[in-house]
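Undergrad: Before I ask anything, let me first share the structure, which is written out below as structure tokens.
In the numbering used here, the protein residues as written are 45 to 495.
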């Protein structure tokens, strides 16, 4: 069995991801580029719908849920205060006329309109208050219907986009796996001597599956995250640029944490992947060579070797957990700090009338949405690292030129010279597939005609 588990080349691989690798993948994606572009277009539409939901909530709160009041200098005696916040109603509506007659002390008449102070609403009975705000109730009902419609459309678009990306990922991986299989079966014996069976099986199964995850879970989501982050920033700046800048004060810390995480996690993820691949190879070699292991009574040595390898994999996994255990809670804390800043600054502006309550609620929703892609960074980064490393290993095999050398067909037809050969002698023959690892050592023998 291979003493290094056959992973000399992988220990010398370059960066985990590279634009060159993406360029190498392009020929496999080119036949399906229309599907990919269509999926990206659907992602853009889904992002627009995601951005619309908090804004619809803002409209419902500002226009219908919170009473629409206005400043009005009321005549003395018309209510408890000469200046307050009033709700204006239309006296052309018979139901409004009935309310004015029922509560004459609460309303101030001005032509064809009647005004009631916000404080006076608490003195009305609930059925009468519902009549007073019947237009608001109808508006909330309409907004709720629009909200549900947007959610349904969003679900349908997500379903179609997911199906397109799953189909595209499967057909691309189908082509890649066929290409890899065809290339492997034309390689020479020396290649299979240097590369254990476990490694090659991993290439055609796990590594190809990692590439599938790249297309279905990362590429489309990267575009969605970019669209979402840019859209949220734009909407927040339009709603209230001062409050937006306040919420953006935590972004430098988020950026620093993300860069630190990517640098720390890069080597750890790579080490973990290599250890898992080595374990797969060790299993395959142990099962394939179990007779030799048992014949030479190497079970204990093989067990100790595997135990050491498994422990190294455990340590690499714990390093990954430690990094994630710091990064994810840190992002959560920064998200909470951003929300707290919005509530502190925005709440004060709501109390002074400089900002509507609906806008504040929308800001909080947008802040939570803004940090969602950042929280998912760890998972996506892991998938990206796995996929790029898998692509690198797959192309390492596809780039191998160690193919079988077939004799020229025309030369092979003339075998008359072989009839004059009486004997073949091998004398002090050495032969190796890899470096100094000889499989034949000082072999000498004779083969006579007919033997």
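The beta carbon of each residue, even a glycine, is placed where N, CA and C say it ideally should be. This structure is a prediction, so every number in the text was calculated from the model and none was measured.
Compare the C-alpha of residue 353 against each of 337, 335, 322 and 340 and name the closest.
TA: Along the chain shown, one-based indexing puts residue 353 at 309. Per the Cα distances, 322.
Undergrad: Should residue 376 be counted as a contact of the ligand MG given a C-beta to heavy atom distance under 6 Å?
TA: For the ligand MG, the structure offers nothing, since it holds no ligand at all.
Undergrad: Mapping DSSP to helix, strand and coil, what is residue 347?
TA: Counted from its first residue, the chain shown places residue 347 at position 303. Here residue 347 sits in helix by DSSP.
Undergrad: Where residue 378 and residue 260 are concerned, what is the direct C-alpha to C-alpha distance, given to the nearest angstrom?
TA: Looking up residue 378 in the chain shown gives position 334. Looking up residue 260 in the chain shown gives position 216. Rounded to whole angstroms, residue 378 to residue 260 spans 29 Å at the Cα level.
Undergrad: Residue 473 by DSSP, collapsed to three states: which one?
TA: As a first step, residue 473 is located in the chain shown; it is residue number 429 there, counting from the start. Three-state result, residue 473: strand.
Undergrad: Apart from the five residues on each side of it in sequence, which residues of its chain come closer than 6 Å, Cβ to Cβ, to residue 106?
TA: Residue numbering aside, residue 106 sits at position 62 when the chain shown is read from its first letter. The answer, listed in chain order, is 400 and 402.
Undergrad: Which residues does DSSP list as the beta-bridge partners of residue 492?
TA: Here the question's residue 492 lines up with position 448 in the chain shown. Paired residue(s): 467.
Undergrad: For the candidate residues 445, 487 and 466, whose alpha-carbon lies nearest to that of residue 234?
TA: The residue labelled residue 234 in the question sits at position 190 within the chain shown. Measuring from the Cα of residue 234, the nearest candidate turns out to be 445.
Undergrad: Does DSSP classify residue 232 as helix, strand or coil?
TA: Position 188 of the chain shown, counting from 1, holds the residue named residue 232. Note: residue 232 maps to coil in three-state DSSP.
Undergrad: Verify whether the separation of the beta carbon atoms of residue 290 and residue 385 is less than 7 Å.
TA: For this step, residue 290 is matched to residue 246 along the chain shown. For this step, residue 385 is matched to residue 341 along the chain shown. Yes, these two residues count as a Cβ contact at 7 Å.
Undergrad: Take residue 382 and list the residues in its own chain whose beta-carbon comes closer than 6 Å to its own, dropping the five residues that flank it on each side.
TA: For the purposes of this step, residue 382 is taken as the residue at position 338 of the chain shown. Around residue 382: 291, 294 and 411.
Undergrad: Taking the alpha-carbon of residue 164 as reference, which of 424, 304, 82 and 130 has the nearest alpha-carbon?
TA: Position 120 of the chain shown, counted from the first residue, corresponds to residue 164. With distances taken between Cα atoms, residue 164 lies closest to 130.
Undergrad: Determine the burial state of residue 203: buried for a count of at least 16 other Cβ atoms within 10 Å of its Cβ, exposed for fewer.
TA: Along the chain shown, one-based indexing puts residue 203 at 159. Exposed, by the Cβ-count rule.
Undergrad: Between which residues of its own chain and residue 414 is the CB-CB distance below 6 Å, once the five residues before and five after are set aside?
TA: Counting from 1 along the chain shown, the entry for residue 414 is found at position 370. 276.
Undergrad: Any idea what DSSP makes of residue 447, helix, strand or coil?
TA: Counted from its first residue, the chain shown places residue 447 at position 403. If DSSP states are grouped into helix, strand and coil, residue 447 belongs with the strands.
Undergrad: When you compare the CB positions of residue 264 and residue 209, do they come within less than 7 Å of one another, or not?
TA: Taking the chain shown and counting its residues from 1, one reaches residue 264 at position 220. Taking the chain shown and counting its residues from 1, one reaches residue 209 at position 165. The answer is yes: Cβ separation under 7 Å.
Undergrad: In the DSSP output, which residue or residues are listed as bridge partners for residue 158?
TA: Looking up residue 158 in the chain shown gives position 114. In DSSP, residue 158 forms a bridge with 133 and 153.
Undergrad: Just mark residue 325 as buried or exposed, buried being the case when its beta carbon has 16 or more other beta carbons within 10 Å.
TA: If you number the chain shown from 1, residue 325 lands on position 281. Buried, since its Cβ has 16 or more Cβ neighbours within 10 Å.
Undergrad: Is DSSP giving residue 481 helix, strand or coil here?
TA: Position 437 of the chain shown, counting from 1, holds the residue named residue 481. Note: residue 481 maps to strand in three-state DSSP.
Undergrad: Between residue 132 and residue 156, is the Cβ-Cβ spacing less than 7 Å?
TA: Looking up residue 132 in the chain shown gives position 88. Looking up residue 156 in the chain shown gives position 112. Cβ distance not < 7 Å, so residue 132 and residue 156 don't count as in contact.
Undergrad: Could you check whether residue 98 and residue 409 sit closer than 7 Å to each other, using their CB atoms as the reference points?
TA: Residue 409 sits at position 365 when you count from the first residue of the chain shown. Residue 98 sits at position 54 when you count from the first residue of the chain shown. Cβ distance < 7 Å, so residue 409 and residue 98 count as in contact.
Undergrad: Would you say residue 252 and residue 231 are within 7 Å of each other, going by their C-beta atoms?
TA: The residue labelled residue 252 in the question sits at position 208 within the chain shown. The residue labelled residue 231 in the question sits at position 187 within the chain shown. Against a cut-off of 7 Å, the Cβ pair of residue 231 and residue 252 comes out as no contact.
Undergrad: For residue 223, which three-state DSSP category applies?
TA: Within the chain shown, numbered from 1, the residue matching residue 223 stands at position 179. Reduced to three states, the DSSP call for residue 223 is helix.
Undergrad: Going straight from the alpha carbon of residue 405 to that of residue 398, what length do you get?
TA: Locating residue 405 in the chain shown gives position 361, counting from the first residue. Locating residue 398 in the chain shown gives position 354, counting from the first residue. Roughly 14 Å between the two C-alpha positions.
Undergrad: Just mark residue 161 as buried or exposed, buried being the case when its beta carbon has 16 or more other beta carbons within 10 Å.
TA: Within the chain shown, the letter at position 117 stands for residue 161. Result: buried.
Undergrad: Does the beta-carbon of residue 366 have 16 or more other beta-carbons within 10 angstroms, so that it is buried, or is it exposed?
TA: Here residue 366 refers to the residue found at position 322 when the chain shown is read from its first residue. Counting Cβ neighbours within 10 Å, residue 366 comes out exposed, since fewer than 16 surround it.
Undergrad: At which residues does the alpha helix (DSSP H) containing residue 407 begin and terminate?
TA: Within the chain shown, numbered from 1, the residue matching residue 407 stands at position 363. That run of the alpha helix (DSSP H) goes 401 to 419.
Undergrad: According to the Cβ coordinates, are residue 427 and residue 257 closer than 7 Å?
TA: As a working mapping, residue 427 is identified with position 383 in the chain shown. As a working mapping, residue 257 is identified with position 213 in the chain shown. Yes, the Cβ-Cβ distance between residue 427 and residue 257 is below 7 Å.
Undergrad: Would you mind giving the Cβ-Cβ distance between residue 145 and residue 135, rounded to the nearest angstrom? I have them listed as a contact below 8 Å.
TA: Position 101 of the chain shown holds residue 145. Position 91 of the chain shown holds residue 135. That belief does not hold up - the Cβ atoms of residue 145 and residue 135 are roughly 11 Å apart, past 8 Å.
Undergrad: Measure the alpha-carbon distance for residue 500 versus residue 247 and round it to whole angstroms.
TA: The structure shown does not extend to residue 500, since the chain spans only 45 to 495, so no value can be given for it.
Undergrad: If you compare alpha carbons, which of 90, 468, 195 and 102 is closest to residue 492?
TA: Position 448 of the chain shown, counted from the start, is the residue given in the question as residue 492. It is 468 whose Cα lies nearest to the Cα of residue 492.
Undergrad: Bridge partners of residue 487, per DSSP?
TA: Position 443 of the chain shown holds residue 487. Bridge partners of residue 487: 473.
Undergrad: Please go through the same chain and pick out, in chain order, the residues whose beta-carbon is closer than 7 Å to the beta-carbon of residue 217, but skip the five residues on each side of it.
TA: In the chain shown, counting from the first residue as 1, residue 217 sits at position 173. Closer than 7 Å at the Cβ level, and outside the excluded window around residue 217, lie 252, 255 and 256.
Undergrad: Helix, strand or coil: how does DSSP classify residue 340 here?
TA: Locating residue 340 in the chain shown gives position 296, counting from the first residue. Residue 340: coil per DSSP, three-state reduction.
Undergrad: What separation, rounded to the nearest whole angstrom, lies between the Cα atoms of residue 483 and residue 489?
TA: Locating residue 483 in the chain shown gives position 439, counting from the first residue. Locating residue 489 in the chain shown gives position 445, counting from the first residue. Their Cα atoms are separated by approximately 16 Å.
Undergrad: Check this for me: beta carbons of residue 86 and residue 229, under 7 Å apart or not?
TA: Sequence index remark: in the chain shown, residue 86 carries index 42 (1-based). Sequence index remark: in the chain shown, residue 229 carries index 185 (1-based). No, Cβ-Cβ distance for residue 86 and residue 229 is not below 7 Å.
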